[in-house]
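Below: the structure, in structure tokens.
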Amino acid sequence: MTVIANRNEGQRPALHFTPKIGFMNDPNGLVYSKGVWHLYYQLNDRNLVAGHPEWGHATSTDLLTWKWHEKAIKAPSDHESIFSGCCVVDCNNTSGEFDESTGSDDRIVAIYTLHTQGHQTQDIAFSSDGGYIFTPYKHNPVLDIGWADFRDPKVLWHALSNQWVMVVAKCHQFKVGFYGSPDLVHWHHLSDFEGAGVRGYQYEMPNLVEVPFDDDNQRKKWVLFLSIGPGAPLGGSFTQYYVGEFDGTTFTSDDNYLRTADLGKDWYAAQTWFNSPDGKAYGIGWASNWQYCNRVPAERYRSAMSLPRKFTVREVPLNANTKSLSLISRPIDLSIARLPSNDAAMVYTNGSAKISPSIDVIYQRHMQGSTGAFEFKLNIKSVTSPARVTVDIANPSGRSVQLNFVVDDQGMFISMDRGRIRTGSSWDHPLFDDKVCMWVPSTQSVYDVHVIIDVYVCELFAIDGAYAFTNTFFLQDGVASTLTVSQEVTDTEVFDVYELCPLASA
216 MTVIANRNEG QRPALHFTPK IGFMNDPNGL VYSKGVWHLY YQLNDRNLVA
266 GHPEWGHATS TDLLTWKWHE KAIKAPSDHE SIFSGCCVVD CNNTSGEFDE
316 STGSDDRIVA IYTLHTQGHQ TQDIAFSSDG GYIFTPYKHN PVLDIGWADF
366 RDPKVLWHAL SNQWVMVVAK CHQFKVGFYG SPDLVHWHHL SDFEGAGVRG
416 YQYEMPNLVE VPFDDDNQRK KWVLFLSIGP GAPLGGSFTQ YYVGEFDGTT
466 FTSDDNYLRT ADLGKDWYAA QTWFNSPDGK AYGIGWASNW QYCNRVPAER
516 YRSAMSLPRK FTVREVPLNA NTKSLSLISR PIDLSIARLP SNDAAMVYTN
566 GSAKISPSID VIYQRHMQGS TGAFEFKLNI KSVTSPARVT VDIANPSGRS
616 VQLNFVVDDQ GMFISMDRGR IRTGSSWDHP LFDDKVCMWV PSTQSVYDVH
666 VIIDVYVCEL FAIDGAYAFT NTFFLQDGVA STLTVSQEVT DTEVFDVYEL
716 CPLASA
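Under this note's numbering, the residue at position 331 of the sequence shown is numbered 546, and the numbers go up by one with no gaps.
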């Protein structure tokens, strides 16, 4: 693979997946087969706003380089839509719909919601070519309970009970329905799950997956993702999750505590890949929010996915006395997309430059390329008296977004200032918060932070993936090209600063 150091296609992100044209939202049908990662997604290619979704399709061999394909599943008519769903590999032909000429890894089955006005059913479609062309099942629907808001099926194979298991949102009843099937065609009700987390307006996009422990891939825990929108604590939409046990019939949460998968404004509808290699859990989210997704700046396309993430679970300290088994999110390895470093582009000021008598500029770097994509890491020392670290991310016109890390004896507040005064953006929306904030408890001597900037998406991971914080921003007059880090009182280390570039075949 080679990197393209100066591609800037109308400020399209370098590594975050975006649709070729149209409006994109939820990730769908994530499946891995024959060395290929398939990403299907909600796509309205008729307009730049949500409406009349069908399934777009892209593939990758490394989760960073994506190839667009023709739409995989199209709506039967203008009065119907293909809502969210999933894909599985029916390698043993449990459905009986594949002949022997189709290789076991090419037997892809899509399970999705067919939406008509006032009615939603679960339908299926079959692909014999590894997930590129689908044929709807001639006896659809395979699950119909007569409801208007019953959608977003996620299906897995549960080996211990020897059956396919579907989780599906009973949206306005605030339940997740569990259904079982021997063949993906005939489904029977197993149970309903009613969590104690945020309800908001409705449940959407449930996702049940076994996730390995951070220190032992042989030990696993069931995680149930559940998206809410609108009605998130920060406003709009967000994804919460539950950690528990699943016995083939019933999911039982370990406790009733609310856990948030990402504490930013722009990470929604989380889904994981079926059949991920080595039994690991990989997932992705939609990097936007229903509060303003139809209005953010756009020309040919609108919205992006997050970077794919690798999920594990581990005990995370909440304070000096209590730990919680929590989801750990780490971005996939970006090493193949890193531009070789040019030391001349870096300026280590070591405190020699001062913004004020008490604030030192400790690091500055001007990027070589024009992709607007780079990553960096910080180690911020925990202190008992208030201290602050500021990261300014600016373009050549001086427009910027700013990350602030405010440390005291109880923890660290992390905020992003993405308001119009700083960014210079001519676009405005009353629900696009100028400042968004999260908090990390004081349970360690050093706070580790990993930040990835990609044109208009910022993904931040703290405490080795225990906390994630994804937000979008929109700079006027060009992409970010300068990184400046300053500190007040505390000791901060800046390291692993790399420019990130799109990948192309060698």
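Note that the Cβ used here is the ideal one computed from N, Cα and C, for glycine as well.
A buried status is given to residue 423, since no fewer than 16 other beta-carbon atoms sit within 10 Å of its beta-carbon. In this structure, DSSP gives residue 388 a helical state, which the three-state scheme calls helix.
Counting along the chain, residue 547 sits inside no alpha helix (DSSP H), nor does DSSP assign it H or E at all.
Annotated three-state conformation of residue 678 is coil, per DSSP. As DSSP reads the structure, residue 332 sits in no beta bridge. Under the Cβ criterion (8 Å, minimum of three pairs), the segment 638-650 does not count as touching the segment 488-501. For residue 699, no alpha helix (DSSP H) segment is defined; the enclosing uninterrupted segment is the beta strand (DSSP E) at 697-703. Between residue 707 and residue 512, the alpha-carbon positions lie close to 35 Å from each other. Around the C-beta of residue 525, 16 or more other C-beta atoms lie within 10 Å, and the residue is accordingly described as buried. A straight line joining the alpha-carbon of residue 420 with that of residue 281 spans about 23 Å. Beta bridge pairing from DSSP links residue 493 with no other residue. Judged by pairs of C-beta atoms under 8 Å, the segment 256-269 does not touch the segment 303-312, as fewer than three such pairs exist.
Assignment of residue 360 by DSSP, reduced to helix, strand and coil, places it in the coil class.
Nearest to residue 465 by C-alpha distance, out of 480, 517, 376, is 376. The three-state secondary structure of residue 527, taken from DSSP, is strand. Judged by DSSP secondary structure, residue 605 falls within the beta strand (DSSP E) whose first and last residues are 602-609. When DSSP assignments are scanned along the segment 620-652, the uninterrupted stretches of alpha helix (DSSP H) that are 4 or more residues long and fall wholly within it turn out to be 635-638. Under DSSP, the beta-bridge partners assigned to residue 486 are 499.
Around the beta-carbon of residue 350, fewer than 16 other beta-carbon atoms lie within 10 Å, marking it exposed. Residue 368 and residue 337 do touch by the CB rule: their CB atoms are close to 5 Å apart, below 8 Å.
Listed as beta-bridge partners of residue 239 by DSSP are 258. Under the three-state reduction of DSSP, residue 320 is assigned to helix. With respect to residue 551, residue 701 sits apart: the two C-beta atoms are not nearer than 8 Å. Of 293, 258, 311, 303, the smallest CA-CA separation from residue 287 is found for 258. Restricting attention to beta strand (DSSP E) runs no shorter than 3 residues, the segment 372-434 encloses them at 378-385, 390-396, 403-408, 418-428, ordered along the chain. Residue 405 and residue 536 have their alpha carbons spaced roughly 38 Å apart.
With 16 or more other Cβ atoms inside 10 Å of its own Cβ, residue 475 counts as buried. In summary, residue 401 is exposed, with fewer than 16 beta-carbon neighbours lying within 10 Å of its beta-carbon over all protein chains present. Pairwise C-beta distances place the segment 225-237 in contact with the segment 660-675, as three or more of them are shorter than 8 Å. Here residue 353 carries a coil assignment [DSSP, helix/strand/coil]. In its chain, beyond the 5 residues on either side, 331, 332 have a beta carbon closer than 8 Å to the beta carbon of residue 294. Here residue 601 is exposed, its C-beta having fewer than 16 other C-beta atoms within 10 Å.
Residue 603 is a Cβ neighbour of residue 619, given a cutoff of 8 Å. Less than 8 Å separates the beta-carbon of residue 609 from that of residue 697. In terms of CA proximity to residue 690, 607 leads the group 677, 658, 659, 607. 8 Å or more divides the Cβ of residue 448 from the Cβ of residue 533.
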